[in-house]
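Enquirer: 263 is the number of the first residue of the sequence shown in the working numbering; add one for each residue after it. Every residue, glycine too, gets a C-beta built ideally from N, C-alpha and C. Note that the coordinates shown come from a computational prediction; the quantities given were computed from them, not determined experimentally. So that we are looking at the same thing, I have put the structure below in structure tokens.
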Amino acid sequence: MALNLLLCAGSIIFFFGGAELIARIWYTPQKYEYTGMFEYDREKVFGLKKNATGLYWGGAYTTNSYGFRGKEIPLEKPANTVRVLVVGDSVSFGHGVNDDQIFSYILEQSLNEYLVEQESAIAAEVINTSVPGNSPFQEYHDMKRGLAFSPDIIVLQITLNDIIEPFARWIFRDMGMEEGDLEIISHDYVLGIHNISNLDHILRQRSALYLFLKDIAARIRFKDPTGANIAQKAAQKENFNAALLVLEPENPEVIEEWENALSWIRHMTALAREQDIPFVILATPFDFQLTLEKKFAYPQQKLREFSEEEDSYFVDLLDILWLLLVEQTDKEKTANQIIAEWRQDGSRLLQDFWEVFFLDYDHLSAAGHELVASVLQPVILNALHLGAE
């Protein structure tokens with residue numbers, strides 16, 4: 263019996279060993295070298311490198327020993343200190359701006375200035391856990407880890423492509439992962455629909471046979487025997503875009519994406535509620551939303567309703583921008599009237615207005631970060647009962 267088991271085990275080892283050697287003729291396992299700003303994270307797929315400095319779209323950034331953007335911060339909260347935990351994506355990370363221009367930095371400065379003016383003995387710290395490419399799946403894990411810093415309030419920044427179609431291929435390529443060429447796969451990973459197991463992470467670096475089997479599985483999945491058109495077919499299959507959230511809110515695929523995203527945010531609000539921590543949802547818009555009437559702001563409406571259901575605070579940056587547009591253009595008109603006139607006269611009014619606060623289609627400029635900090639401050643002071651009597 264023992265001899266039979268030994269022979270059986272030997273046969274299996276011989277078979278897989280031989281298959282591995284043959285597979286290495288065509289496939290070469292390579293250890294990932296994280297040369298960019300990201301590294302693999304077994305819980306949330308990717309995160310920022312710790313203790314790093316560099317440029318991100320022209321903005322100088324620094325990460326601390328926890329992989330958070332900004333200065334080093336002790337795990338234990340100092341006495342007489344309130345902490346604000348910011349979780350989000352590239353918008354709140356500060357795409358294209360320097361460390362001292364992001365709203366988390368500005369908010370910390372302005373909160374402390376206010377507290378000094380009020381002769382308060384309390385100081386404020388703002389911790390920014392945001393990572394470019396994040397979806398609510400990553401943000402849930404960032405928040406969970408951030409709870410170790412004993413925050414007094416949590417701010418979740420969210421924008422349209424956090425809900426649908428996160429363009430994550432560049433993150434995967436940065437980490438040396440072949441899934442970077444398969445948009446549908448990176449979509450599932452980033453949104454938390456399918457996670458990359460730690461075993462998968464190890465095998466892909468060490469086993470040519472494993473790479474061969476994954477390749478065959480991909481060819482079968484996309485009905486491409488040669489494998490030459492897998493990336494193209496995957497990109498075609500991933501046909502979501504942020505505009506669908508606005509233009510086709512009843513689309514079944516849009517509804518499914520919302521359900522997935524809100525399930526992760528619901529996990530976050532539940533954690534905050536368990537620890538009696540106020541929760542703020544900050545919704546940031548895409549550029550095309552500024553040019554549409556308010557009735558088309560479906561994503562913001564949905565997030566507002568969700569916030570009410572979850573007893574959370576809600577800050578709608580799009581609504582604030584419309585108020586500013588009216589203030590700066592014509593106080594006698596509504597935002598909808600200004601938008602309608604803009605469509606007829608073909609001016610650059612809305613483009614010029616947008617470019618004051620944004621670098622591109624959704625990332626805040628330095629002025630945009632200042633605006634967000636100024637909007638968040640009264641919400642935070644009110645939630646923490648720190649406002650002037």
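If you draw a straight line from the C-alpha of Ser525 to the C-alpha of Gln537, how long is it?
Expert: Within the sequence shown, numbered from 1, the residue matching residue 525 stands at position 263. Within the sequence shown, numbered from 1, the residue matching residue 537 stands at position 275. The alpha-carbon atoms of Ser525 and Gln537 are separated by roughly 19 Å.
Enquirer: Does the beta-carbon of Gly309 have 16 or more other beta-carbons within 10 angstroms, so that it is buried, or is it exposed?
Expert: Counting from 1 along the sequence shown, the entry for residue 309 is found at position 47. Gly309 should be labelled buried.
Enquirer: Assuming Val508 and Gln551 form a contact by the criterion Cβ under 8 Å, report the distance between their Cβ atoms to the nearest whole angstrom.
Expert: Reading the sequence shown from its first residue, position 246 is the one you call residue 508. Reading the sequence shown from its first residue, position 289 is the one you call residue 551. The Cβ separation is near 7 Å, so the contact holds.
Enquirer: In chain order, what residues of the same chain lie with their CB nearer than 8 Å to the CB of Leu646, ignoring the 5 residues before and after it?
Expert: Position 384 of the sequence shown, counting from 1, holds the residue named residue 646. Result list for Leu646: Val344, Asp414, Ile415 and Pro540, in chain order.
Enquirer: Whole alpha helix (DSSP H) runs in the region 529 to 604 with 4 or more residues, listed along the chain?
Expert: 560 to 571 and 579 to 591
Enquirer: Who are the near neighbours of Ser636 in its chain, counting only those whose CB is closer than 6 Å to its CB and skipping five residues on each side?
Expert: For the purposes of this step, residue 636 is taken as residue 374 along the sequence shown, with counting starting at 1. Cβ within range, chain order: n/a, list empty.
Enquirer: Let me make sure I understand the geometry here. Which of Pro640, Ala628 and Thr553 has the alpha-carbon closest to that of Val577?
Expert: Indexing the sequence shown from 1 puts residue 577 at position 315. Comparing Cα positions, the closest option is Pro640.
Enquirer: Using C-beta distances below 6 Å, list every residue in its chain close to Gln498, excluding the 5 sequence neighbours before and after it, in chain order.
Expert: For the purposes of this step, residue 498 is taken as the residue at position 236 of the sequence shown. Because Gln498 carries a pLDDT of 42, less than 50, the predicted location of this residue cannot be relied on, and no value is offered for it.
Enquirer: Does the Cβ of Asn342 have 16 or more other Cβ atoms within 10 Å, making it buried, or fewer, making it exposed?
Expert: In the sequence shown, the residue the question calls residue 342 occupies position 80. With fewer than 16 other Cβ atoms within 10 Å, it is exposed.
Enquirer: For Phe330, name the three-state secondary structure that DSSP assigns.
Expert: If you number the sequence shown from 1, residue 330 lands on position 68. DSSP places Phe330 in coil when its eight states are reduced to three.
Enquirer: Less than 9 Å separating the beta-carbons of Ile389 and Val346?
Expert: In the sequence shown, the residue the question calls residue 389 occupies position 127. In the sequence shown, the residue the question calls residue 346 occupies position 84. The answer is yes: Cβ separation under 9 Å.
Enquirer: On the DSSP bridge assignment, give the partners of Gly316 in chain order.
Expert: Here residue 316 is taken as the residue at index 54 of the sequence shown, counted from 1. Per DSSP, Tyr323.
Enquirer: What did DSSP end up calling Ile335 once you bin it into helix, strand or coil?
Expert: Your numbering for residue 335 matches position 73 in the sequence shown. Coil.
Enquirer: Tell whether a beta-carbon distance below 9 Å holds between Val417 and Val542.
Expert: One-based indexing of the sequence shown puts residue 417 at position 155. One-based indexing of the sequence shown puts residue 542 at position 280. For Val417 and Val542, yes; Cβs fall inside 9 Å.
Enquirer: Is the region 299 to 314 touching the region 389 to 400, taking contact as three or more C-beta pairs under 8 Å?
Expert: yes
Enquirer: Please name the residue in Lys311, His403, Lys339 and Ser397 whose C-alpha comes closest to that of Leu332.
Expert: One-based indexing of the sequence shown puts residue 332 at position 70. Before going further, note that residue 332 is Gly rather than Leu in the sequence given. It is Lys311 whose Cα lies nearest to the Cα of Gly332.
Enquirer: For Tyr302, which of helix, strand or coil comes out of DSSP?
Expert: Translated into positions along the sequence shown, residue 302 becomes position 40. Strand.
Enquirer: Measuring alpha carbon to alpha carbon, tell me which residue in Glu510, Arg528, Leu554 and Leu422 is nearest Asp573.
Expert: Position 311 of the sequence shown, counted from the start, is the residue given in the question as residue 573. Distance from the Cα of Asp573 is smallest, within the candidate group Glu510, Arg528, Leu554 and Leu422, for Arg528.
Enquirer: Looking at the unbroken alpha helix (DSSP H) that takes in Glu370, where does it start and where does it end?
Expert: Numbered from 1 along the sequence shown, position 108 holds the residue referred to as residue 370. That run of the alpha helix (DSSP H) goes Phe365 to Glu379.
Enquirer: Short of 8 Å in beta carbon distance, which residues of its chain neighbour Leu554, apart from the five on each side in sequence? Order them along the chain.
Expert: To locate residue 554, count along the sequence shown from 1; it is residue 292. Answer for Leu554: Val508 and Ile601, listed in chain order.
Enquirer: Spell out the partners DSSP gives Thr343 in its beta bridges.
Expert: For this step, residue 343 is matched to residue 81 along the sequence shown. Bridge partners of Thr343: Ala385.
Enquirer: What are the boundary residues of the alpha helix (DSSP H) that Ile425 is part of?
Expert: Taking the first residue of the sequence shown as position 1, residue 425 is located at position 163. Ile425 -> alpha helix (DSSP H) spans Leu422 to Ile425.
Enquirer: If distances are taken between C-alpha atoms only, which option among Pro340, Ala523 and Asn513 comes closest to Phe411?
Expert: On the sequence shown, residue 411 is found 149 positions in, with the first residue counted as 1. For Phe411, the closest C-alpha among the options Pro340, Ala523 and Asn513 is that of Pro340.
Enquirer: Tell me the rounded alpha-carbon separation between Pro511 and Arg566.
Expert: Within the sequence shown, the letter at position 249 stands for residue 511. Within the sequence shown, the letter at position 304 stands for residue 566. Spanning the two alpha carbons is a distance of roughly 15 Å.
Enquirer: Looking at the unbroken alpha helix (DSSP H) that takes in Phe411, where does it start and where does it end?
Expert: On the sequence shown, position 149 is the one that residue 411 refers to. First-last for Phe411: undefined, no H or E at that position.
Enquirer: Out of Gly608, Pro561, Lys406 and Phe355, point me to the one whose CA is closest to Arg535's CA.
Expert: The residue you call residue 535 lines up with position 273 of the sequence shown. Taking Arg535 as reference, the option from Gly608, Pro561, Lys406 and Phe355 with the minimal CA-CA separation is Lys406.
Enquirer: So the alpha helix (DSSP H) Leu310 belongs to, where does it begin and stop?
Expert: Here the question's residue 310 lines up with position 48 in the sequence shown. Element bounds for Leu310: not the alpha helix (DSSP H) but the beta strand (DSSP E), Val307 to Leu310.
Enquirer: Which stretch, first to last residue, makes up the alpha helix (DSSP H) that contains Pro640?
Expert: For the purposes of this step, residue 640 is taken as the residue at position 378 of the sequence shown. Residues Ala628 to Ala645.
Enquirer: Taking a contact to mean a Cβ-Cβ separation below 9 Å, would you say Val307 touches Gln419 in this structure?
Expert: Taking the first residue of the sequence shown as position 1, residue 307 is located at position 45. Taking the first residue of the sequence shown as position 1, residue 419 is located at position 157. No, the Cβ-Cβ distance between Val307 and Gln419 is not below 9 Å.
Enquirer: If you run the structure through DSSP and keep just helix, strand and coil, what is Leu418?
Expert: The count along the sequence shown starts at 1 and reaches residue 418 at position 156. DSSP places Leu418 in strand when its eight states are reduced to three.
Enquirer: So does Leu611 have its beta carbon nearer than 8 Å to some heavy atom of the ligand NAP?
Expert: Absence of the ligand NAP from the depicted structure is noted, as is the absence of any ligand whatsoever, leaving it without description.
Enquirer: Determine whether the beta carbon atoms of Ala523 and Pro398 lie at a separation below 9 Å.
Expert: Within the sequence shown, residue 523 is the residue found at index 261, counting from 1. Within the sequence shown, residue 398 is the residue found at index 136, counting from 1. Yes; because the gap between Cβ atoms is below 9 Å, this pair is in contact.
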